[in-house]
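*Asks:* Order-wise, the sequence lines are chains A and B.
Everything in the first sequence is counted per numbering that gives the first Met the number 0, starting at 0 for the first residue and increasing by one.
Everything in the second sequence is counted per numbering that gives the first Met the number 0, starting at 0 for the first residue and increasing by one.
Every residue gets a Cβ at the ideal spot worked out from N, C-alpha and C, and that includes glycine.
There are 2 protein chains.
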Amino acid sequence: MTSVEQVVDFSKRDHDRYLTEFKEYLSIPSISTLSEHKPDIQRCAEWIAKQLTGMGFKNVELLPTAGHPVVYGEWLNAPGKPTLVVYGHYDIQPVDPLNEWVSPPFQPTVRGEYIYARGASDMKGQGHAVLKGLEAWLRSGGLPVNVKMFFEGEEEIGSRNLEPFVEKYKSKLKCDFVLNCDSSILKPDVPALVYGLRGIAYFELHVYGAKADLHSGLFGGAVHNPAQVLCELITGMHDPNGHITLPNFYDKVRVLSNEERAELARVPISDDDWREMAGTKLLYGEKGFTSLERVGARPTLEVNGLLSGFTGEGSKTVLPAKAMAKISMRLIPEQDDGAVEDQLKEYLRKNAPPTVTWEVKNLTSDPAVLVDRNTPAMRAAASALQATFGVKPFFLLSGGSVPVVSMMKNRLGVDSVLLGFGLPDDNIHAPNEKQHLPTYYRGIETYIRFFDFVSQKSMPH
Amino acid sequence: MTSVEQVVDFSKRDHDRYLTEFKEYLSIPSISTLSEHKPDIQRCAEWIAKQLTGMGFKNVELLPTAGHPVVYGEWLNAPGKPTLVVYGHYDIQPVDPLNEWVSPPFQPTVRGEYIYARGASDMKGQGHAVLKGLEAWLRSGGLPVNVKMFFEGEEEIGSRNLEPFVEKYKSKLKCDFVLNCDSSILKPDVPALVYGLRGIAYFELHVYGAKADLHSGLFGGAVHNPAQVLCELITGMHDPNGHITLPNFYDKVRVLSNEERAELARVPISDDDWREMAGTKLLYGEKGFTSLERVGARPTLEVNGLLSGFTGEGSKTVLPAKAMAKISMRLIPEQDDGAVEDQLKEYLRKNAPPTVTWEVKNLTSDPAVLVDRNTPAMRAAASALQATFGVKPFFLLSGGSVPVVSMMKNRLGVDSVLLGFGLPDDNIHAPNEKQHLPTYYRGIETYIRFFDFVSQKSMPH
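1) Taking 7 angstroms as the threshold (beta carbon to beta carbon), is residue 160 of chain B in contact with chain A?
2) Please list the residues of the region 337 to 370 of chain B that have a C-beta atom closer than 7 angstroms to any C-beta atom in chain A, keeping them in chain order.
3) Rounded to whole angstroms, what's the CA-CA distance from residue 455 of chain B to residue 271 of chain B? Just pull it up for me.
4) Could you tell me the alpha carbon to alpha carbon distance between residue 197 of chain A and residue 105 of chain A, rounded to whole angstroms?
5) Could you tell me whether the Cβ of residue 418 of chain A comes closer than 7 angstroms to any Cβ of chain B?
6) Rounded to the nearest angstrom, what separates residue 10 of chain A and residue 438 of chain A at their Cα positions?
7) Looking at the unbroken beta strand (DSSP E) that takes in residue 358 of chain B, where does it start and where does it end?
8) Just the Cα atoms here: how many angstroms apart are residue 369 of chain B and residue 305 of chain B?
9) Of all the residues that make up the region 199 to 214 of chain B, which are near chain E by a beta-carbon distance shorter than 8 angstroms?
10) DSSP has residue 109 of chain B in a bridge; who is on the other side?
11) Run down chain A in chain order and give the residues with a C-beta less than 7 angstroms from the C-beta of residue 222 of chain B.
12) Look at the alpha carbon of residue 463 of chain A and the alpha carbon of residue 112 of chain A, and state the distance between them as a whole number of angstroms.
13) Tell me which same chain residues have a C-beta within less than 7 angstroms of the C-beta of residue 333 of chain A, skipping the five on either side of it?
14) Does DSSP classify residue 251 of chain A as helix, strand or coil?
15) Which same chain residues end up closer than 8 angstroms to residue 162 of chain A when comparing Cβ atoms and leaving out the 5 residues on each side of it in sequence?
16) Mind checking if residue 230 of chain A is an interface residue toward chain B, Cβ cutoff 7 angstroms exclusive?
17) The beta strand (DSSP E) with residue 329 of chain A in it runs from where to where?
18) Check residue 288 of chain A in the structure and name its three-state DSSP category.
19) Considering just the uninterrupted stretch of the beta strand (DSSP E) at residue 393 of chain B, what are its terminal residues?
20) Applying the criterion that 16 or more other CB atoms from any shown protein chain within 10 Å of the CB defines a buried residue, is residue 117 of chain B buried or exposed?
21) Is residue 152 of chain A helix, strand or coil when you go by DSSP?
22) Could you check whether the Cβ of residue 429 of chain A sits closer than 7 angstroms to any Cβ belonging to chain B?
23) Would you call residue 34 of chain B buried or exposed, if buried means 16 or more other Cβ atoms sit within 10 Å of its Cβ?
24) For residue 101 of chain B, count neighbouring Cβ atoms within 10 angstroms of its own Cβ and tell me buried if that reaches 16, exposed if not.
25) For residue 463 of chain A, which residues in the same chain have their Cβ closer than 8 angstroms to its Cβ, ignoring the five residues on either side in sequence?
26) Please decide whether residue 17 of chain A counts as near chain B, where near means a Cβ-Cβ distance under 7 angstroms.
27) Distance, Cα to Cα, residue 291 of chain A vs residue 302 of chain A?
28) Can you give the Cα-Cα distance for residue 173 of chain A and residue 143 of chain A, rounded to whole angstroms?
29) Taking 7 angstroms as the threshold (C-beta atoms), are residue 192 of chain B and residue 423 of chain B in contact?
30) Taking 7 angstroms as the CB-CB limit, is residue 273 of chain B close to chain A?
31) Roughly how many angstroms lie between the CA atoms of residue 185 of chain B and residue 210 of chain A, to the nearest whole one?
32) Compare the Cα-Cα distances from residue 7 of chain A to each of A:372, A:434, A:386 and A:396 and report the closest residue.
33) Find the nearest neighbour of residue 122 of chain B within the set B:188, B:13, B:37 and B:428, judged by alpha-carbon distance.
34) Please compile the residues from chain A whose C-beta is within a distance smaller than 9 angstroms of the C-beta of residue 304 of chain B.
35) Counting only Cβ pairs nearer than 7 angstroms, list the residues of chain A close to residue 29 of chain B.
36) Check whether chain B comes within 7 angstroms of residue 32 of chain A, counting only Cβ atoms and requiring the distance to be less than that.
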């Protein structure tokens, strides 16, 4: 029987091949939100299926959903050992603004220690690392655990068809726990394990004024400008202390324990680090909380997009007929993602002037989640990180949202371990997204060790 | 010698030909603000030059400016009679949002009493009507006055190269007054003469936050969102009564006399009319003023466009790095269009938070103007309108801005008569721009009579 360190050593010889394949994976523009990329989504799913088959996975197939397909495959030849679902997503975010990319988003380019491409960090990097971790075991004779691969294609659009899918394939997906690779660590030398994720509720707010755009000279002064109204409504959604004003918004927000606050305060990310990662001259946020608390333990309301009137070159003197904002809230347990829509509408009913009409479209929503820090799987993840990075990982609350974690808990009754290797300054969802290559290779090692630690633990069945 | 009414009768036989030629003029996409339309601008200028030459104008030429050319031509065979410059512009506004046009903007289409096309009202309609009015006299033996044609190609971009041009061709443009055709009446049966125009100052306001777009989950709560800041800054530019808060903004705004207010109050446009023209359910504006006063006699600050972050299909969870608003002010005598930029910057210095940086770009600016209601030319215009429409015209303050009027006063020392035939609900600068065809034909008649009335008046030399 091959030892885990032999598998790790074995994998180290393959870094060049890993990088070549990683680039191939990154070059597929699998953008889930844009319908013109549907063929690329299909191609990307088939690419992963081919990888799984090549590695020795069985029953590899693309399972249809109401949207983009799920890639499934299984390796169940470790009798008596735990069974885990390895979750990931192969879809990625759009690339605009395209002109701000230094190298084209689908021509993966290595500069220094980084590889630049859309999806490099979120999450083709983690996805590919776990594939290579599994492959290293399989090339060494077999996996020490049972694995069901489950890569979806709609994470970046809120996993909107996943819940009925998971319900339908409940027995196929039966497992002891989920390894969710869509996660990150703090710094290249500071590993971390996420035990809490914010939820999200994402809306489009449309404000309508006149039936058509008007001339700002001939009508300006006599009618209400919906772009102005939209700005006023958005302004009113926060008070001067950065608190959100939607009625009852904070009612169910979980308050951090003193112990948790103290633990978070030990995390070695200074305000200087935050400033540098964000690329901003000053930090800003809700009064009374540290940056880590603001991002992990407090809800937010952000404007994700604004559009109204004339935005091209030059000076068109239009008084717009309408204005639109994309607005999303990050949620904290036990906030109800459904209730937020009512709170937003209640705010608008109270504050929108009678001169305009408005409409709210709910694009996606998902509740926040907390996972148990003391399951055997969580301890296996902590051990694997410590063995690879040489230091104990920090336990963290993340600001992002991974809808599938709560879904797996609710539908399959299992916890998730969030173990991934993004870094906070990877420019995910932004131009020049990148993956730190030394961290990607360490990710592969960590996954190799994780499967070994898991096989040594007794799992609750 | 042909009488004026014979010329009018003669012109009435040509309506079909007028419409055919008008459609040809409208089909040229002479959008001045978009550089890809430069060849169309040239083609449009040449089209007018060809018309002028065909009618018998002499010295017809395209005079270069630093931007798009001016079309010039003269007919100076009425010795002892007044000389007028006929001003117009052949450039037009962009057409977006294109998908809201019922028929394509450059395929002029007649539906009911209207012709639909970009520029139909602003101002190819008036421009073509005056050409046909001149042509009717020339086909009847000659004009009763001396005319210098002067059609520019940059009115929709603030006539930004016109001032040095007018200065250079001062002697060529020498005249008794200017007939400016870029104007409108109130309703098809309610003629009007504009004696005041608002000025304009048009800016782009850019707010910059982080150096790149961020993930709204991983950073949301810890950095200031520039879209949020932009909304707050815009909100603060008005107080709850609709007054503009820029420092010293109202200092030089002319106060209406009681006589003027009484005269404006007699204008037969009700609030219902305004609502219908604007296509809005409720009117809105600065407290203490009527709609006509709000539009004609009060300055405004309008958001002409908003752009930030992700505005496409779906839900991209981006925390934008920057946000932009197009903001323009309509000005009232004696507001200084240059001072407004300082007032805006002063406001931003006082109100922008230290978490962002901002930048103001001045796209165009021009002061407001008032013209004398009692010049012989103004009286000739009133008489021509009364003879054609059967009722006396109302004297009006218009909300729009026509930079060339103040320029002609300052550079050539002459007044302008604003005589044009747009209607307030023509959708200018918006989708489905239209011209009311019976009004267009009446416009031709009015111009024919106007030249006759002018030739009967003694002009100051």
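*Replies:* On the basis of the supplied data:
1) no
2) 353, 354, 362 and 363
3) 41 angstroms
4) 30 angstroms
5) no
6) 15 angstroms
7) 356 to 365
8) 32 angstroms
9) Checking the listed chains, one finds no chain E in this structure; the protein chains it contains are A and B.
10) B:114
11) 277, 279, 282 and 283
12) One cannot answer for residue 463 of chain A here, as it falls past the ends of chain A, which runs 0 to 460.
13) 251 and 253
14) coil
15) 406 and 410
16) yes
17) 321 to 330
18) coil
19) 393 to 397
20) buried
21) coil
22) yes
23) exposed
24) exposed
25) The structure shown does not extend to residue 463 of chain A, since chain A is modelled only from 0 to 460, so the question has no answer here.
26) no
27) 20 angstroms
28) 18 angstroms
29) no
30) yes
31) 20 angstroms
32) A:386
33) B:428
34) 226, 306, 307, 308, 309, 310, 311, 315, 317 and 319
35) Within 7 angstroms Cβ-Cβ: nothing; residue 29 of chain B doesn't reach chain A, min ~14 angstroms.
36) yes
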